[in-house]
Amino acid sequence: MQILRFLEELDRWNRKMNLVGLKDIARVCRELLADSFFLHTFVGDRRRLVDVGSGSGILAVPLAILNEAVVVHSVDSNLKKIQFQRHVRRTLDLRNLLPLEGRIEVIDPLNADGLVAKAYGTTEAILAAADRHLVPGGLVFITKGRREGGKEARGYLLENTLSYSLPGVAKDYRLLIYKKIS
Numbered sequence: 001m002q003i004l005r006f007l008e009e010l011d012r013w014n015r016k017m018n019l020v021g022l023k024d025i026a027r028v029c030r031e032l033l034a035d036s037f038f039l040h041t042f043v044g045d046r047r048r049l050v051d052v053g054s055g056s057g058i059l060a061v062p063l064a065i066l067n068e069a070v071v072v073h074s075v076d077s078n079l080k081k082i083q084f085q086r087h088v089r090r091t092l093d094l095r096n097l098l099p100l101e102g103r104i105e106v107i108d109p110l111n112a113d114g115l116v117a118k119a120y121g122t123t124e125a126i127l128a129a130a131d132r133h134l135v136p137g138g139l140v141f142i143t144k145g146r147r148e149g150g151k152e153a154r155g156y157l158l159e160n161t162l163s164y165s166l167p168g169v170a171k172d173y174r175l176l177i178y179k180k181i182s
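Heads up, the sequence shown is in this note's numbering, so the first residue is 1 and it goes up one at a time.
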């Protein structure tokens, strides 16, 4: 029920301001929202999660809904998108969702044990952003296009690379999972 309310609010707000590029809510579900369900199966027992470059909260909000025990820090530098997420937090009473306006590189360390990123930038940029916010042993979950493989990175171990596709979407994707080792 809360996922549906989130989608209704996203659709309503998206008509007034550009929160996501897709205007058709069915495409939003297929091409954007489905990633959050896929990621949920891997995020598992994380207790403090960061969604970097969260935009409209298309990962952060469903992850907070699906697991009330995890605190989800949703970080984006775009104030209107954070204001939307704050509205969703109030409307759905999501106390475990913490929208933060600012650049990930300059906000105070979040001491998270997990970080998710979709369409944020290069793998190197994501891992650099994650470094000051993840505790040792923390995991980074990065969704990428199918052609992008995992890369070695200082202070991180590439734990897994998984290919996947989403129902009704003609594209293939990869999930890169890194573990912070230092």
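By construction, the Cβ of each residue, glycine as well, lies at the ideal position given by its N, Cα and C atoms.
All of these numbers come straight from a predicted model, not from anything done at the bench.
By the neighbour-count definition (other C-beta atoms within 10 Å, threshold 16), Thr143 is a buried residue. Apart from sequence neighbours up to five positions away, the residues of its chain that approach Arg46 with a beta-carbon distance below 6 Å are Val70, Asp113 and Gly114, ordered along the chain. Separation of Lys151 and Val50 (C-alpha to C-alpha, rounded to the nearest whole angstrom) is 21 Å. Fully enclosed alpha helix (DSSP H) runs of no fewer than 4 residues occupy 79-92 of the stretch 63-121, in order along the chain. About 12 Å separates the beta carbon of Ile177 from that of Leu127, a gap too long to meet the 8 Å contact definition. One alpha carbon belongs to Phe6, the other to Ile82, and they sit about 14 Å apart. Burial state of Tyr164 is exposed, judged by a 10 Å Cβ sphere holding fewer than 16 other Cβ atoms.
DSSP, reduced to helix, strand and coil, places Val43 within a helical segment of the structure shown. The Cβ atoms of Arg174 and Thr161 lie closer than 7 Å to each other. Within the model, the alpha-carbon separation for Lys16 versus Arg154 is close to 43 Å. Residues of the same chain with a CB within less than 8 Å of the CB of Pro62, apart from the 5 flanking positions on each side, are Ile3, Phe6, Leu33, Ser36, Phe37 and His40 in chain order. Judged by DSSP in its simplified three-state form, Arg147 adopts coil rather than helix or strand. The C-alpha of Ile107 lies about 11 Å from the C-alpha of His73. When only Cα atoms are considered, Ile181 and Pro109 end up about 17 Å apart.
Annotation for Ile104: Val52, Val75 and Ala129 place their beta carbon closer than 6 Å to its own, counting only its chain and skipping 5 residues before and after. The criterion of a C-beta distance shorter than 7 Å is not satisfied by Arg90 and Pro99.
No Cβ-Cβ contact shorter than 7 Å links Asn96 with Ala119.
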